[in-house]
Amino acid sequence: MASTDHDYSEPTQGPSPLKRYKHPFTEDPEWEYYTLEDDDPTDKDTPRTLAELRMCALSAAIRAKPNWWMKFRDEEIRAKWREEIKEQEREMPRNLQLTENMINYTMGELEAYAALRDPEAGIESGPYERIWQSDKLIPASLKAALVSAIAPLESMPDSQKDWHPGSDGKVLDVVHPSLYPVVYGRTAARDTQNLLQPRASDVAAMFRSERFQWLPSDFRVEADGAVRLLSPYINNIHPEDHRALTDVVPKVLEQAVPMFEWVLSDLARGTQLPTRLDLKGHKFPQCIWPGGVENRPEPDPETNDRFYAEHVRLRAEDRRRYQTERAQFMEDAHTKWLANRAREDEHWQEPPYPDFRPVGYLNTFLYAWLDKVGTQVWPDSKPRYEGGLGDVRKRVDLRGKTLQVIVKLANIVLTPKKPEYGGGTWHVEGMDNEAIVSTFIYYYDTENITESTLSFRNAVNEPRYHGQGDTYCMRRLYDIAANEICVQNVGQVTTKQDRCIAFPNLYQHLVSPFRLANPTRPGHRKILVFFLVDPNVTIPSATTVGPQQEAWIRRAVESTDMWWKLPTDLHMMIWDRLDPMTEEQAKRYREELMGERTQNVKTVDKQRFGRWFNLCEH
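Residue numbers (the UniProt record's numbering): 1 to 618.
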C-alpha cells in the first residue's frame with residue numbers, strides 16, 4: 001500500500017486490506033422505505049434543510065470578508081452584521097428565513113471556525129464541510145520559482161502546444177494526465193516487463209476502466225513535513241529538460257499536504273457534521289403541519305374552481321397536447337419495453353416521464369396557496385452554538401507516508417476573438433482505477449478575466465417524508481420533491497489569484513463561465529492541480545512504470561555510446577522490444593480515454609447523483 005515506510009517496486013493487484021476513504025464510486029442499495037426514525041441507508045449524507053444550508057451560506061459570506069477572524073470579535077461590527085442580516089431576512093419566504101436562533105447559532109459558530117484556522121498558512125474551512133482553502137499558502141518565492149519553471153512549457157512554438165480537444169483553442173494542456181496514460185495490455189511494469197492489467201476492486205464494473213489509468217508519481221512526506229519525489233519522473237514532465245519544474249512540484253505539494261490532511265480527517269470522521277437544527281429528540285425534521293400531514297389545509301371548492309378557470313380551462317391547447325404526449329409516451333415506452341425484454345437487455349431503463357404541464361400548474365397553485373396559510377411549524381436551530389466543529393481535530397497525519405499524486409497544469413486562454421469561457425460540467429475526478437480521494441487546486445496566475453467560481457454539490461439520502469403525497473413539505477424543507485434527484489448544492493468558492501482549494505472527490509464540482517474583463521486585451525487563468533490517490537490504495541505509478549514517450553526513450557537510448565556500436569538489425573530488435581508510444585498513438589489513446597471518462601461522468605451522475613426521490617405508497 002502507498003502508506004508503507006519503504007520504497008516499493010510493483011504494487012499488488014488485489015483490493016487494499018485497509019478501508020478506503022469515502023468515494024463517489026458506489027451504488028445505492030435497492031430502493032426501500034425508510035421511516036423518520038431509521039438510520040440513513042447509505043454512506044451518503046443526510047440532506048440539510050434549505051434553512052440550514054442558508055446558515056452555511058451566511059457563515060461562508062461572513063468568512064469571505066477580509067480579516068473576518070478579527071472583525072467578528074468586534075461587538076460593534078457584529079451588531080451591524082446582525083441588523084443587515086435581519087433586514088435582508090424580512091424579504092425571504094418563511095421556509096428560508098433565518099430565525100433569531102439561527103443567526104445566533106451562526107454567529108457563535110464563527111469562534112469555532114476561527115479556532116480551526118491556521119494563521120500562518122492561512123488554511124481555513126471553506127463554504128461547506130470537507131472543503132478547505134487558503135489565500136497565502138504558497139510563499140511568493142515559491143510561486144516565482146513555479147512560474148519560472150513552467151514558462152518553457154508555455155513558450156514552445158504554437159505548433160507544439162497541446163490545446164485540449166473540444167475546447168475551441170481556449171484550454172492549453174501544459175501537463176495533462178490523459179496523455180501517455182497506463183494502457184492496460186500495452187503498458188509494461190518497469191521491473192518485470194509484465195503487461196499491466198486492471199487491479200482487482202470491490203467497486204462495481206461500471207465505475208472501472210478496462211482500458212486506461214492516469215499515471216501518478218510517488219512522493220515521500222518526511223517526518224518534518226518536507227516532500228521529496230520518489231519516482232524517477234512526473235508523467236509528461238521531462239526530468240532533464242524540465243528539471244526546475246520537477247524540483248519545484250514537490251515543494252508546492254509540501255505546502256498542499258496539510259490541506260489534504262484536513263480533507264482526509266473530515267472524511268475519516270465517517271459522518272457529516274451534526275445538524276444545527278433543534279430536532280426535539282428526533283433523528284430528522286418532523287412534519288411542518290401540527291398533528292401530521294393529514295392536517296394539511298386543503299383549498300375550498302370555490303378556490304379550486306378559480307384555479308381551474310385561470311390555469312387549466314384557458315390552456316385547452318396545452319391540455320390537449322398533454323393528453324397526446326402522454327398517450328404517445330406510454331405507447332412508445334411499452335413498445336421499447338417489449339423489444340428490450342425480448343433481447344434481455346439488462347441495461348435498458350425506462351425513460352423518465354415527460355413534464356405533464358397540468359400537474360405542474362396544480363402544484364404551483366397549491367404551493368402558493370399553502371404558503372399563505374401560515375399554520376406551518378418550520379424547524380428552528382438550537383438557540384446557540386453547542387460545539388461540533390471542534391470534533392474535526394486533525395487526526396490524519398501524512399508525515400512518514402508515501403503519497404501517490406497525479407499532476408496537472410492547465411491554462412484557460414481568452415482573446416478578443418475568443419473572449420468567453422463557457423464553464424464546465426458537474427463531475428468528479430477519474431474513475432475507480434485512479435482511486436482519487438481529494439483534489440487540490442492552486443490558482444497561481446489570473447489576468448484580465450471576470451470573477452469565476454467553483455461550485456460544489458453533494459449526493460444525499462432521500463429526505464424522510466411524513467405521509468403519502470407530502471410534496472409541499474419536501475419542496476419547502478429541502479427543495480427536493482417526488483421524482484427529482486437527491487442532490488444539494490452546498491456552496492461555492494471564488495477562484496481568485498493565489499487561492500488554494502482542497503476538497504473531497506465525494507462532491508461533484510463545476511467551474512462557472514467567465515469572460516475577458518477588458519474585451520480588447522487577452523486574459524488567462526492558470527492552475528496547478530494535484531489529484532491525491534487514496535493513501536490506502538496502491539496503483540501503478542511512475543515508480544513501477546517507465547516513461548512511455550517515444551521521444552524520451554529514443555533520446556535516452558541514442559545518447560549512449562554503446563547504442564552506436566550495435567548493428568542495425570539489433571537496433572530494430574531492441575526498438576521492437578521497447579515498443580514506445582508515439583505522440584500520434586498517445587493522442588489517439590487520449591481521445592479514447594476522454595470518451596470513456598465522459599461516459600463515466602454520466603454513470604456517476606446517474607448512479608450516485610441521480611437517485612430519484614420516491615414519494616409513493618408503501
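Cβ coordinates follow ideal geometry from the N, Cα and C atoms, glycine included.
Practice task
Below 7 Å CB to CB, which residues in the same chain sit around Gln-88 once its five sequence neighbours on both sides are set aside?
Solution key: If you number the sequence shown from 1, residue 88 lands on position 88. So the list is empty, once near-sequence residues are dropped.
Problem - Assumed close pair Leu-267, Lys-22 - CB separation to whole angstroms, cut-off 8 Å - result: As a position in the sequence shown, residue 267 is number 267, starting the count at 1. As a position in the sequence shown, residue 22 is number 22, starting the count at 1. About 5 Å; that satisfies the 8 Å criterion.
Handout entry: Start-to-end residues for the alpha helix (DSSP H) that takes in Phe-260
Key = Taking the sequence shown and counting its residues from 1, the one referred to as residue 260 is at position 260. Here the alpha helix (DSSP H) through Phe-260 covers 243-268.
Exercise for the section: Select from Arg-130, Ser-201, Ser-159, Arg-554 the residue whose C-alpha is nearest the C-alpha of Thr-538. Expected result: Sequence index remark: in the sequence shown, residue 538 carries index 538 (1-based). For Thr-538, the nearest C-alpha among the options comes from Ser-201.
Problem - Rounded Cβ spacing between Tyr-442 and Lys-496 (contact assumed at less than 8 Å) - result: For this step, residue 442 is matched to residue 442 along the sequence shown. For this step, residue 496 is matched to residue 496 along the sequence shown. Their Cβ separation, rounded to whole angstroms, is 12 Å, which puts Tyr-442 and Lys-496 out of contact at 8 Å.
Handout entry: Proximity of Thr-49 and Pro-285 at Cβ, strictly below 8 Å
Key = The residue you call residue 49 lines up with position 49 of the sequence shown. The residue you call residue 285 lines up with position 285 of the sequence shown. Against a cut-off of 8 Å, the Cβ pair of Pro-285 and Thr-49 comes out as a contact.
Handout entry: Collapsed DSSP secondary structure at Cys-500 in the structure displayed
Key = Looking up residue 500 in the sequence shown gives position 500. The answer is strand: DSSP assigns Cys-500 an E or B state.
Practice task
Buried or exposed for Pro-463, please, with buried defined as at least 16 other CB atoms from any protein chain shown within 10 angstroms of its CB.
Solution key: The sequence position of residue 463 within the sequence shown is 463, counting from 1. Pro-463 is buried by the Cβ-count criterion.
Handout entry: Minimum C-alpha distance to Arg-588 - residue among Pro-47, Tyr-180, Pro-239
Key = Mapped onto the sequence shown, residue 588 falls at position 588. The residue with the shortest Cα to Cα distance from Arg-588 is Tyr-180.
Problem - For Thr-246 and Leu-403, the rounded distance between their alpha carbons - result: For the purposes of this step, residue 403 is taken as the residue at position 403 of the sequence shown. For the purposes of this step, residue 246 is taken as the residue at position 246 of the sequence shown. Spanning the two alpha carbons is a distance of roughly 16 Å.
Exercise for the section: Would you grab the beta carbon distance between Leu-516 and Gly-523 for me? Rounded to a whole angstrom, and I think it's under 8 Å. Expected result: Translated into positions along the sequence shown, residue 516 becomes position 516. Translated into positions along the sequence shown, residue 523 becomes position 523. Rounded, the Cβ-Cβ distance is 5 Å, consistent with contact.
Problem - Pick from Leu-277, Ala-244, Val-428, Asp-579 that is closest to Ala-144, judged by C-alpha positions - result: Here the question's residue 144 lines up with position 144 in the sequence shown. If we check each option's Cα against that of Ala-144, Ala-244 comes out closest.
Exercise for the section: Check the DSSP bridge columns for Gln-599 and list the partner residues they point to. Expected result: Within the sequence shown, the letter at position 599 stands for residue 599. Paired residues: none, contrary to the question.
Practice task
Please name the residue, chosen from Arg-220, Arg-63, Glu-294, that lies closest to Thr-106 on a Cα-to-Cα basis.
Solution key: Counting from 1 along the sequence shown, the entry for residue 106 is found at position 106. The shortest Cα separation from Thr-106 among Arg-220, Arg-63, Glu-294 belongs to Arg-63.
Practice task
Buried or exposed for Val-487, please, with buried defined as at least 16 other CB atoms from any protein chain shown within 10 angstroms of its CB.
Solution key: As a first step, residue 487 must be located in the sequence shown, where it is residue number 487. Answer is buried; the Cβ neighbour count reaches 16.
Handout entry: Distance between beta carbons of Ser-381 and Asp-479, contact taken as under 8 Å
Key = For this step, residue 479 is matched to residue 479 along the sequence shown. For this step, residue 381 is matched to residue 381 along the sequence shown. So it is not a contact: roughly 18 Å between Cβ atoms.
Exercise for the section: Measure from the alpha carbon of Tyr-507 to the alpha carbon of each residue in Ala-459, Cys-473, Arg-476, then state which is nearest. Expected result: Here residue 507 refers to the residue found at position 507 when the sequence shown is read from its first residue. Answer by Cα proximity: Ala-459.
Practice task
State the DSSP-derived secondary structure class of Ala-410, mapped to helix, strand or coil.
Solution key: Stepping through the sequence shown from its first residue, residue 410 is reached at position 410. Reduced to three states, the DSSP call for Ala-410 is strand.
Problem - Meets three-Cβ-pair contact criterion under 8 Å: the stretch 201-213 and the stretch 599-607 - result: As far as the Cβ criterion goes, the stretch 201-213 touches the stretch 599-607, which means the pair count is three or higher.
Practice task
Can you grab the Cα-Cα spacing for the pair Phe-530 / Gly-185, in whole Å?
Solution key: Start at 1 with the first residue of the sequence shown, and residue 530 comes out as number 530. Start at 1 with the first residue of the sequence shown, and residue 185 comes out as number 185. Taking the straight line joining both Cα atoms gives about 27 Å.
Practice task
Return yes when the Cβ of His-242 is within less than 8 Å of the Cβ of Ala-149, no when it is not.
Solution key: What you label residue 149 is simply residue 149 of the sequence shown in a count that begins at 1. What you label residue 242 is simply residue 242 of the sequence shown in a count that begins at 1. Yes, they are a contact pair.
Exercise for the section: Helix, strand or coil for Thr-494, going by three-state DSSP, please let me know. Expected result: Here residue 494 refers to the residue found at position 494 when the sequence shown is read from its first residue. Residue state, collapsed to three classes: strand.
Exercise for the section: For Val-248, decide whether its Cβ has a neighbour in chain B, counting only Cβ atoms nearer than 8 Å. Expected result: Of the chains in the structure shown, none is chain B; there is only one protein chain.
Practice task
Indicate whether Thr-275 and Glu-52 have their beta-carbon atoms separated by less than 8 Å.
Solution key: In the sequence shown, residue 275 corresponds to position 275, counting from 1. In the sequence shown, residue 52 corresponds to position 52, counting from 1. Cβ atoms of Thr-275 and Glu-52: closer than 8 Å.
Problem - Cβ pair Ala-256, Ala-556 closer than 8 Å - result: Stepping through the sequence shown from its first residue, residue 256 is reached at position 256. Stepping through the sequence shown from its first residue, residue 556 is reached at position 556. With contacts defined by Cβ atoms closer than 8 Å, Ala-256 and Ala-556 do not form a contacting pair.
Exercise for the section: Use the C-beta contact count for Pro-47: other C-beta atoms within 10 angstroms, 16 or more gives buried, fewer gives exposed. Expected result: One-based indexing of the sequence shown puts residue 47 at position 47. Buried.
Problem - Classification of Glu-429 by the beta-carbon crowding that lies within 10 angstroms, buried from 16 upward - result: The count along the sequence shown starts at 1 and reaches residue 429 at position 429. With 16 or more Cβ atoms within 10 Å of its Cβ, Glu-429 is classed as buried.
Handout entry: Residues bridged to Leu-366 (per DSSP)
Key = As a first step, residue 366 is located in the sequence shown; it is residue number 366 there, counting from the start. Answer by DSSP bridge pairing: none, since Leu-366 is not bridged.
Handout entry: Integer-rounded CB distance, given that Glu-591 should sit under 8 Å from Pro-119
Key = Position 119 of the sequence shown holds residue 119. Position 591 of the sequence shown holds residue 591. Contact flag wrong, Cβ pair sits at about 47 Å.
Problem - Same chain, Cβ closer than 7 Å to Thr-520, neighbours up to 5 away in sequence not counted - result: Here residue 520 refers to the residue found at position 520 when the sequence shown is read from its first residue. Exclusion of the five residues before and after Thr-520 leaves Pro-416 as the residues of its chain whose Cβ lies within less than 7 Å of its Cβ.
Problem - C-beta contact flag for Thr-543 and Asp-135 at 8 Å - result: Residue numbering aside, residue 543 sits at position 543 when the sequence shown is read from its first letter. Residue numbering aside, residue 135 sits at position 135 when the sequence shown is read from its first letter. No, these two residues do not count as a Cβ contact at 8 Å.
Practice task
Verify whether the separation of the beta carbon atoms of Leu-510 and Ser-455 is less than 8 Å.
Solution key: Within the sequence shown, the letter at position 510 stands for residue 510. Within the sequence shown, the letter at position 455 stands for residue 455. Inclusion of Leu-510 and Ser-455 in the CB contact set at 8 Å is warranted, their separation being smaller than that value.
Exercise for the section: Pull up the distance between the alpha-carbon of Val-493 and that of Pro-504, whole angstroms please. Expected result: Numbered from 1 along the sequence shown, position 493 holds the residue referred to as residue 493. Numbered from 1 along the sequence shown, position 504 holds the residue referred to as residue 504. The straight-line gap separating the alpha-carbon atoms of Val-493 and Pro-504 is approximately 14 Å.
Practice task
Just grab the DSSP bridge partners of Thr-446 for me.
Solution key: Within the sequence shown, numbered from 1, the residue matching residue 446 stands at position 446. Paired residue(s): Arg-525.
Problem - Alpha-carbon spacing of Ala-151 relative to Trp-262, whole angstroms - result: Taking the sequence shown and counting its residues from 1, the one referred to as residue 151 is at position 151. Taking the sequence shown and counting its residues from 1, the one referred to as residue 262 is at position 262. When rounded, the distance between both Cα atoms is 32 Å.
Handout entry: Per-residue DSSP class, three states only, for Tyr-421
Key = Residue mapping note: residue 421 aligns to position 421 of the sequence shown, counting from 1. Of the three classes helix, strand and coil, the one that applies to Tyr-421 here is strand, per DSSP.
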